[in-house]
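Chains as they are written, first to last, in the numbering used here: chain A, 944 to 1211; chain B, 944 to 1211.
What follows is the structure, encoded as structure tokens:
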């Protein structure tokens, strides 16, 4: 890899580095519409999924070690060669791989279409749960994910837990009630994973042609308004003293079970 | 609550406090066979599940606020009234509830029985995953869990993620290969959640009378020896670019799916 096209940076006061480091804050990500990715795998996922890369930051040592550095460099509008000290400034993890991308927030790429199957997270708070839900959504072939309130899906912890799925899957930030209303109008079956008395055993769900599954907040479940808009309330039957399942686990099992009914009907 | 039977403590040099604080370290837990629980819910779970409580530590303020303080006090062999400063010394969380129990490690209570259904974690490393797996194991009515290598199930993070399930469910620390061998001898179906070429679609598993499901390490899966001992290799079919599922999610879906076959056959 010819590193001559890279701009060398060593000062922590450099505006490009400062702007990139600021993207570690949720507020700054929202304001700028940019996110900061760390690590070879996440940067590659962004490049290979058409996410616009504004800047690539890499140490000389990392550039020599990453076989795909040319692919990353070709996709990036700007390329910087940084010192290990600057790398630590940008890093969210200890033992960083010392490669970072500033890119456009790859969101609002999910759109409801009749016959599709979608996940909606209503105020899921834990980045690990949101990430695991995205990972399962992708693994089960869902058509998109709507992230409504809750934690920022583009924070480092969520991105890592998703193993890149949040960059590969169509994801939109949206209003939960509005999205469920649109889904109802479109004829999608709207499922609430709920614990209320009316909820039916998820194994006994009737087949459906397309659907939207709503997963709620870890502590409070789905908000009252959104719950009332969902046409089918489903529950995962449980035994023992357990009150509930981990949000990522519950959402994943619900999807697993619903996917079967969906596939039957859509012929997929 | 009459707090006169509590011994007041204010010095960080007190041997009881020092011994309790030391239990925050895995090494010390293993050596002493004791664990430290924090928070009203976990302490109650221990008391109500017959775990021997050696000592209760609580601040005056917390004692006034916890309705079940009498139940906790009655179960504890020793009771201490501690200062807020000592509470911070024992706490693993910010905003601690300022109630702690030192108790016997409630392990080695799981035993294989023909017809039962069990989970075995082979070197699961993340406390959050281990906790979520225990939570699902309890919710699905499993008969016990074998924790083999990997992270300490009695560290604060795992206990919290399990929402008490690690105290309520029969749990044993065990050798993975030996446990699988015993299960085979006993006629239990031994399942490996694996990605190898021989693995069968988990939805197509033949019914079985009792079983043991093995879930492997987050990065490396199940160890070669244990994998070769498992008689049925099952896989959760996936779509898209996803390489794998989160360990807790995969383990939970596998159990969900296997439980159906188990229930059919055992008439549960």
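Glycine included, each C-beta is placed from N, C-alpha and C at the ideal position.
By Cβ distance below 8 Å, which residues in the same chain neighbour residue i in space, the five residues on each side in sequence not counted?
| i | result |
| --- | --- |
| residue 1116 of chain A | 1050, 1051, 1089, 1090, 1091 and 1096 |
| residue 1057 of chain A | 1129, 1130, 1131, 1152 and 1153 |
| residue 946 of chain A | 1003, 1006 and 1024 |
| residue 1143 of chain B | 1175, 1176, 1177 and 1178 |
Just to confirm, is the Cβ distance from residue i to residue j under 9 Å?
| i | j | result |
| --- | --- | --- |
| residue 1135 of chain B | residue 1114 of chain B | no |
| residue 1081 of chain B | residue 1112 of chain B | yes |
| residue 1028 of chain B | residue 999 of chain B | no |
| residue 1035 of chain A | residue 1061 of chain A | no |
| residue 1009 of chain B | residue 1044 of chain B | no |
| residue 991 of chain B | residue 1041 of chain B | no |
| residue 1079 of chain A | residue 1205 of chain A | no |
| residue 985 of chain B | residue 967 of chain B | no |
| residue 1189 of chain B | residue 1075 of chain A | yes |
| residue 981 of chain A | residue 1039 of chain A | yes |
| residue 1055 of chain A | residue 1120 of chain A | no |
| residue 1048 of chain B | residue 977 of chain B | yes |
| residue 1015 of chain A | residue 1155 of chain A | no |
Within a Cβ cutoff of 6 Å, which residues of the same chain sit near residue i, ignoring the five residues on either side of it in sequence?
| i | result |
| --- | --- |
| residue 1202 of chain A | 1083 |
| residue 962 of chain A | none |
| residue 954 of chain B | none |
| residue 1071 of chain A | 1104 |
| residue 1059 of chain A | 1086 and 1153 |
| residue 1066 of chain A | 1092, 1093 and 1160 |
| residue 1020 of chain A | 997 |
| residue 1101 of chain A | 1070, 1073 and 1074 |
| residue 964 of chain B | 1032 and 1033 |
| residue 1001 of chain A | 1042 |
| residue 1168 of chain B | 1120 |
| residue 1211 of chain A | Below a pLDDT of 50, predicted positions are generally treated as unreliable, and residue 1211 of chain A, at 46, falls in that range; the measurement from the model is reported next regardless. Hits under 6 Å: none found. |
| residue 983 of chain B | 1009, 1040 and 1042 |
| residue 1098 of chain A | 1070 |
Name the chain A residues whose beta carbon is nearer than 7 Å to that of residue i?
| i | result |
| --- | --- |
| residue 1160 of chain B | Those do not exist, as residue 1160 of chain B stays about 15 Å from chain A at its closest Cβ, beyond 7 Å. |
| residue 1182 of chain B | 1082, 1083 and 1084 |
Identify every residue that forms a DSSP beta bridge with residue i.
| i | result |
| --- | --- |
| residue 1115 of chain A | A:1089 |
| residue 1072 of chain B | Residue 1072 of chain B is not bridged to any residue. |
| residue 1134 of chain A | A:1156 and A:1175 |
| residue 951 of chain A | A:1024 |
| residue 1001 of chain B | B:1024 and B:1042 |
| residue 1083 of chain A | Bridge partners of residue 1083 of chain A: none, in fact. |
| residue 996 of chain A | A:1019 and A:1046 |
| residue 980 of chain A | A:1044 |
| residue 1164 of chain A | A:1160 |
| residue 1060 of chain B | B:1154 |
| residue 1065 of chain B | B:1091 |
Starting from residue i, find everything on chain B with Cβ-Cβ shorter than 7 Å and list it in chain order.
| i | result |
| --- | --- |
| residue 1071 of chain A | 1071 |
Below 7 Å CB to CB, which residues in the same chain sit around residue i once its five sequence neighbours on both sides are set aside?
| i | result |
| --- | --- |
| residue 1173 of chain A | 1123, 1133, 1134, 1135 and 1157 |
| residue 1192 of chain B | none |
| residue 1068 of chain A | 1093, 1094, 1160 and 1161 |
| residue 1037 of chain A | none |
| residue 988 of chain B | 1107, 1110 and 1111 |
| residue 949 of chain A | 1022, 1023 and 1024 |
| residue 1170 of chain B | 1135 and 1137 |
| residue 951 of chain B | 1024 |
| residue 1179 of chain B | 1145, 1188, 1193, 1196 and 1197 |
| residue 994 of chain B | 1046, 1047, 1049 and 1110 |
| residue 1030 of chain A | 1002, 1039 and 1041 |
| residue 969 of chain A | 1095 and 1098 |
For chain C, check one thing: does any of its Cβ atoms lie closer than 9 Å to the Cβ of residue i?
| i | result |
| --- | --- |
| residue 1193 of chain A | Included in the structure are the protein chains A and B, with no chain C among them. |
inquiry  = By the 7 Å beta-carbon criterion, what residues does the segment 1074 to 1094 of chain A contribute toward chain B?
reply    = Here the close residues are 1075, 1078, 1079, 1081, 1082, 1083 and 1084.
ask   = Mind listing which residues of the segment 1186 to 1204 of chain B have their C-beta closer than 7 Å to chain A's C-betas, in chain order?
value = So the close ones are 1188, 1189, 1191, 1192, 1195, 1196 and 1199.
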